[in-house]
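K.L.:
First to last, the protein sequences are chains A and B.
So the mapping is simple: the numbering used here equals the position in the first sequence, first residue as 1, plus 8.
So the mapping is simple: the numbering used here equals the position in the second sequence, first residue as 1, plus 8.
For every residue, glycine included, the Cβ atom is placed at its ideal position computed from N, Cα and C.
Model, not experiment: these values are computed from the prediction.
There are 2 protein chains.
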Amino acid sequence: MHRYKNISAPVIKRLPRYYRFLGELHDKGVIRISSRELSVKMGLTASQIRQDLNCFGGFGQQGYGYPVESLYNEIAHILGLDHTYSAILIGAGNLGKAVAMHMSFEKRGFRLIGIFDNDSKKIGTEIRGIMVSDLDSLEHFCSQNKTDAAIFCVPKNAVHDIADRLYRAGVKNYWNFSHYDLSVHYDDIIVENVHLNDSLMILCYKISDANDFPDNTSA
Amino acid sequence: MHRYKNISAPVIKRLPRYYRFLGELHDKGVIRISSRELSVKMGLTASQIRQDLNCFGGFGQQGYGYPVESLYNEIAHILGLDHTYSAILIGAGNLGKAVAMHMSFEKRGFRLIGIFDNDSKKIGTEIRGIMVSDLDSLEHFCSQNKTDAAIFCVPKNAVHDIADRLYRAGVKNYWNFSHYDLSVHYDDIIVENVHLNDSLMILCYKISDANDFPDNTSA
Numbered sequence: 009m010h011r012y013k014n015i016s017a018p019v020i021k022r023l024p025r026y027y028r029f030l031g032e033l034h035d036k037g038v039i040r041i042s043s044r045e046l047s048v049k050m051g052l053t054a055s056q057i058r059q060d061l062n063c064f065g066g067f068g069q070q071g072y073g074y075p076v077e078s079l080y081n082e083i084a085h086i087l088g089l090d091h092t093y094s095a096i097l098i099g100a101g102n103l104g105k106a107v108a109m110h111m112s113f114e115k116r117g118f119r120l121i122g123i124f125d126n127d128s129k130k131i132g133t134e135i136r137g138i139m140v141s142d143l144d145s146l147e148h149f150c151s152q153n154k155t156d157a158a159i160f161c162v163p164k165n166a167v168h169d170i171a172d173r174l175y176r177a178g179v180k181n182y183w184n185f186s187h188y189d190l191s192v193h194y195d196d197i198i199v200e201n202v203h204l205n206d207s208l209m210i211l212c213y214k215i216s217d218a219n220d221f222p223d224n225t226s227a
Numbered sequence: 009m010h011r012y013k014n015i016s017a018p019v020i021k022r023l024p025r026y027y028r029f030l031g032e033l034h035d036k037g038v039i040r041i042s043s044r045e046l047s048v049k050m051g052l053t054a055s056q057i058r059q060d061l062n063c064f065g066g067f068g069q070q071g072y073g074y075p076v077e078s079l080y081n082e083i084a085h086i087l088g089l090d091h092t093y094s095a096i097l098i099g100a101g102n103l104g105k106a107v108a109m110h111m112s113f114e115k116r117g118f119r120l121i122g123i124f125d126n127d128s129k130k131i132g133t134e135i136r137g138i139m140v141s142d143l144d145s146l147e148h149f150c151s152q153n154k155t156d157a158a159i160f161c162v163p164k165n166a167v168h169d170i171a172d173r174l175y176r177a178g179v180k181n182y183w184n185f186s187h188y189d190l191s192v193h194y195d196d197i198i199v200e201n202v203h204l205n206d207s208l209m210i211l212c213y214k215i216s217d218a219n220d221f222p223d224n225t226s227a
């Protein structure tokens with residue numbers, strides 16, 4: 009299967025949702041679905057859905073709807089889920105542990121192959137069957153194990169040094185939970201940020217904006 | 009201070025980053041900063057920054073730059089961080105625990121006032137000084153304690169029922185970590201989603217797109 013070029017960022021952002029919804033339909037044995045039915049399920053307009061899925065061409069015939077399984081597989085391919093990238097987790101604290109335990113890496117194109125921390129109390133413990141290694145062994149590990157991506161679950165002030173070390177070790181793809189803007193410091197890396205504090209502030213904005221309080225007292 | 013209307017979603021999404029950067033500058037004792045300096049720090053264009061900050065008007069004089077502290081405070085106000093919304097956490101598993109331990113709620117306009125789970129092994133334990141309560145007591149708690157928002161850290165299949173209960177109890181603002189699209193089911197709620205699996209798939213897409221493998225073998 010070929011890959012698609014020039015898919016807009018907003019469409020890319022919606023792809024995982026399409027993938028999830030189509031996966032559920034596929035599990036339920038649904039063979040075909042119309043853009044109208046899909047729009048009701050996803051809370052998007054039917055024309056938006058047709059527009060999005062037209063980017064990949066060849067799907068959906070007037071009056072016949074979309075073939076669930078092949079569209080599901082094609083979106084998986086577009087997302088790259090038919091690859092298996094090896095990833096290491098940096099930081100075995102509460103957040104890192106939750107990410108390691110919670111994520112279904114294998115279904116998202118990744119395999120977790122290592123966990124690192126500098127806390128002697130954590131080093132040697134096991135998370136999801138993976139032993140937590142000393143952060144000092146990072147370079148050695150990367151030299152011995154093909155490492156495609158790193159997951160940052162460390163405090164902001166620790167990211168810069170570790171990112172430098174990983175960058176020099178050739179690891180340039182990052183899933184970044186730390187509030188450190190990596191892309192500002194390197195221009196040839198791939199970063200997907202999960203800034204939880206930013207997300208919480210956006211929720212705060214949405215609530216405040218909806219209530220539009222005249223002063224700074226809570227509702 | 010008044011609130012601003014018609015700020016576009018992309019600008020809103022950037023506000024937390026402005027807030028973080030300006031906070032750092034303020035902590036360093038920086039009084040004023042030009043859009044050019046800020047653009048270098050944030051990896052945005054100077055004109056983008058001028059455009060964004062012009063939405064709030066009255067900031068930045070030609071040649072004088074932006075007053076860090078007042079802009080920082082104004083963005084905090086726009087984000088609603090001068091409110092204190094009470095929030096409860098649903099789900100005391102790995103992710104819920106990490107969210108409770110990891111987040112600086114107080115700095116983001118929230119106060120965590122309750123944690124709920126249906127697991128007898130978790131009920132009665134303490135997380136961040138808050139005792140985990142039985143999920144059965146949810147309605148009673150909400151009737152006794154003003155509850156502005158709920159944080160969902162429960163499996164997808166558990167969200168629907170709990171959301172219904174919270175909705176009936178008058179809690180309509182959600183920070184949703186579950187892969188359940190709440191906004192599809194209720195039209196008068198406020199939801200900020202953190203879909204970690206979607207984010208991981210986007211990283212997978214970015215890596216695959218950058219490498220553009222001709223077949224489905226990894227690099």
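Would a check of beta-carbon distances place Cys63 of chain B closer than 9 Å to chain A?
P.N.:
Counting from 1 along the second sequence, the entry for residue 63 of chain B is found at position 55. Closer than 9 Å: no.
K.L.:
Which same chain residues end up closer than 6 Å to Lys180 of chain A when comparing Cβ atoms and leaving out the 5 residues on each side of it in sequence?
P.N.:
Taking the first residue of the first sequence as position 1, residue 180 of chain A is located at position 172. Ile197.
K.L.:
Which residues, in order along the region 94-105 of chain A, keep a beta-carbon less than 7 Å from a beta-carbon of chain B?
P.N.:
Within the region 94-105 of chain A, the qualifying residues are Asn102, Leu103 and Lys105.
K.L.:
Compute the Euclidean distance between the alpha carbons of Ala166 of chain A and Ala108 of chain B, then round it to the nearest angstrom.
P.N.:
Residue 166 of chain A sits at position 158 when you count from the first residue of the first sequence. Residue 108 of chain B sits at position 100 when you count from the first residue of the second sequence. Answer to the nearest angstrom: the Cα atoms are 21 Å apart.
K.L.:
Would you call the region 79-94 of chain B and the region 139-149 of chain B touching, i.e. three or more CB-CB distances under 8 Å?
P.N.:
Taking 8 Å as the limit for Cβ pairs, the verdict is that the region 139-149 of chain B does not touch the region 79-94 of chain B.
K.L.:
Excluding the 5 residues flanking Met209 of chain B on each side, which residues of the same chain have their C-beta closer than 7 Å to its C-beta?
P.N.:
Residue 209 of chain B sits at position 201 when you count from the first residue of the second sequence. Same-chain partners within the cutoff: there are none.
K.L.:
Indicate whether at least one CB of chain B lies closer than 9 Å to the CB of Pro24 of chain A.
P.N.:
Taking the first residue of the first sequence as position 1, residue 24 of chain A is located at position 16. Cβ-Cβ to chain B under 9 Å: yes for Pro24 of chain A.
K.L.:
Would you say Ala177 of chain A touches the ligand HEM, meaning its beta carbon is less than 8 Å from a heavy atom?
P.N.:
Ligands in the displayed structure: none, and consequently the ligand HEM is not present.
K.L.:
Using DSSP bridges, identify the partner residues of Pro75 of chain A.
P.N.:
Along the first sequence, one-based indexing puts residue 75 of chain A at 67. According to DSSP, which records beta bridges pairwise, Pro75 of chain A is partnered with A:Arg40.
K.L.:
Run down chain B in chain order and give the residues with a C-beta less than 8 Å from the C-beta of Ser112 of chain A.
P.N.:
Along the first sequence, read from residue 1 onward, the residue named residue 112 of chain A stands at position 104. Those within 8 Å of Ser112 of chain A in chain B are Asn205.
K.L.:
Examine the Cβ distances between the region 169-180 of chain B and the region 49-64 of chain A and report whether three or more of them are shorter than 8 Å.
P.N.:
Segments in contact, no.
K.L.:
Is Ile39 of chain A buried or exposed, if buried means 16 or more other CB atoms sit within 10 Å of its CB?
P.N.:
The residue given as residue 39 of chain A occupies position 31 in the first sequence. When all chains shown are included, Ile39 of chain A counts as exposed.
K.L.:
Any idea which residues DSSP pairs Leu97 of chain A with across the strands?
P.N.:
Sequence index remark: in the first sequence, residue 97 of chain A carries index 89 (1-based). According to DSSP, which records beta bridges pairwise, Leu97 of chain A is partnered with A:Ile123 and A:Ile159.
K.L.:
Decide if His91 of chain B is buried, meaning its Cβ has at least 16 other Cβ atoms within 10 Å, or exposed.
P.N.:
Along the second sequence, read from residue 1 onward, the residue named residue 91 of chain B stands at position 83. Counting Cβ neighbours within 10 Å, His91 of chain B comes out buried, since at least 16 surround it.
K.L.:
Within 9 Å of any Cβ in chain A, is that where the Cβ of Arg44 of chain B sits?
P.N.:
Against the second sequence, residue 44 of chain B aligns to sequence position 36. With 9 Å as the cut-off, Arg44 of chain B does not count as an interface residue toward chain A.
K.L.:
In this structure, how does DSSP classify Val199 of chain B when only helix, strand and coil are distinguished?
P.N.:
Sequence index remark: in the second sequence, residue 199 of chain B carries index 191 (1-based). Three-state DSSP puts Val199 of chain B in a strand.
K.L.:
How would you list, in chain order, the residues of chain B whose beta-carbon sits under 8 Å from the beta-carbon of Ala157 of chain A?
P.N.:
For the purposes of this step, residue 157 of chain A is taken as the residue at position 149 of the first sequence. Correct list: Leu211 and Ile215.
K.L.:
Round the Cβ separation of Tyr213 of chain A and Ile20 of chain B to the nearest angstrom and send it over; I've been treating them as touching at under 8 Å.
P.N.:
As a first step, residue 213 of chain A is located in the first sequence; it is residue number 205 there, counting from the start. As a first step, residue 20 of chain B is located in the second sequence; it is residue number 12 there, counting from the start. Yes, Tyr213 of chain A and Ile20 of chain B are in contact; Cβ-Cβ is about 6 Å, under 8 Å.
K.L.:
Residues of the region 107-138 of chain A with a CB closer than 9 Å to any CB of chain B: list them in chain order, please.
P.N.:
Taking 9 Å as the Cβ-Cβ cut-off against chain B, the residues of the region 107-138 of chain A that qualify are Val107, Ala108, Met109, His110, Met111, Ser112, Phe113, Lys115, Arg116, Gly117 and Phe118.
K.L.:
Can at least three beta-carbon pairs, one atom from the region 150-160 of chain A and one from the region 126-140 of chain A, be found at a separation below 8 Å?
P.N.:
Contact fails: fewer than three Cβ-Cβ distances are below 8 Å.
K.L.:
Measure how close the beta-carbons of His168 of chain B and Tyr194 of chain B come, nearest whole angstrom, since I'm counting them as under 8 Å.
P.N.:
On the second sequence, residue 168 of chain B is found 160 positions in, with the first residue counted as 1. On the second sequence, residue 194 of chain B is found 186 positions in, with the first residue counted as 1. Not really, about 11 Å apart at Cβ, beyond 8 Å.
K.L.:
What in chain A is Cβ-close to His148 of chain B, meaning under 7 Å?
P.N.:
Taking the first residue of the second sequence as 1, we reach residue 148 of chain B at position 140. Going along chain A, no residue has its Cβ under 7 Å from His148 of chain B, so there is no contact; the nearest lies around 21 Å.
K.L.:
Hey, how far is the Cα of Leu190 of chain B from the Cα of Lys115 of chain B?
P.N.:
Working through the second sequence from its first residue, we reach residue 190 of chain B at position 182. Working through the second sequence from its first residue, we reach residue 115 of chain B at position 107. Distance between the alpha carbons of Leu190 of chain B and Lys115 of chain B: 26 Å.
K.L.:
How big is the Cα-Cα spacing for Ala100 of chain A and Arg136 of chain A?
P.N.:
The residue given as residue 100 of chain A occupies position 92 in the first sequence. The residue given as residue 136 of chain A occupies position 128 in the first sequence. Their backbone Cα atoms lie some 11 Å apart in a straight line.
K.L.:
Taking only three categories from DSSP, how would you classify Phe185 of chain B?
P.N.:
For this step, residue 185 of chain B is matched to residue 177 along the second sequence. Residue state, collapsed to three classes: coil.
K.L.:
Please confirm if Asn181 of chain A has its CB atom under 9 Å from at least one CB of chain B.
P.N.:
Here residue 181 of chain A refers to the residue found at position 173 when the first sequence is read from its first residue. So, interface residue.
K.L.:
Using a cut-off of 7 Å between C-beta atoms, extract the partners of Ala218 of chain B located in chain A.
P.N.:
As a position in the second sequence, residue 218 of chain B is number 210, starting the count at 1. Result: Ile198.
K.L.:
Would you call the CB atoms of Val202 of chain A and Ser94 of chain B closer than 9 Å?
P.N.:
Against the first sequence, residue 202 of chain A aligns to sequence position 194. Against the second sequence, residue 94 of chain B aligns to sequence position 86. Contact flag unset, no.
K.L.:
Is Ala171 of chain A near Leu103 of chain B, with beta carbons less than 9 Å apart?
P.N.:
Numbered from 1 along the first sequence, position 163 holds the residue referred to as residue 171 of chain A. Numbered from 1 along the second sequence, position 95 holds the residue referred to as residue 103 of chain B. Contact flag unset, no.
K.L.:
Once DSSP output is grouped into helix, strand and coil, what is the label at Asp220 of chain B?
P.N.:
Your numbering for residue 220 of chain B matches position 212 in the second sequence. Asp220 of chain B falls in the coil class under three-state DSSP.
K.L.:
Quick check: what's the CA-CA separation for Ser47 of chain A versus Ala17 of chain A?
P.N.:
Residue 47 of chain A sits at position 39 when you count from the first residue of the first sequence. Residue 17 of chain A sits at position 9 when you count from the first residue of the first sequence. Roughly 20 Å separates the two Cα atoms.
K.L.:
Alpha carbon to alpha carbon, how far is Ile86 of chain B from Ala158 of chain B?
P.N.:
Residue mapping note: residue 86 of chain B aligns to position 78 of the second sequence, counting from 1. Residue mapping note: residue 158 of chain B aligns to position 150 of the second sequence, counting from 1. The straight-line gap from Cα to Cα measures roughly 22 Å.
K.L.:
Would you say Lys36 of chain B reaches chain A, if we count a Cβ-Cβ gap shorter than 9 Å as a contact?
P.N.:
Here residue 36 of chain B refers to the residue found at position 28 when the second sequence is read from its first residue. No, Lys36 of chain B lies away from the interface with chain A (no Cβ there is under 9 Å from its Cβ).
K.L.:
Ignoring anything shorter than 4 residues or poking outside the region 132-158 of chain B, list the alpha helix (DSSP H) runs there in chain order.
P.N.:
With a minimum length of 4 residues, the continuous alpha helix (DSSP H) runs that stay inside the region 132-158 of chain B are 146-152.
K.L.:
From Tyr175 of chain A to Ile41 of chain A, what does the alpha carbon distance come to, in whole angstroms?
P.N.:
Position 167 of the first sequence, counting from 1, holds the residue named residue 175 of chain A. Position 33 of the first sequence, counting from 1, holds the residue named residue 41 of chain A. Computed Cα separation, rounded: 45 Å.
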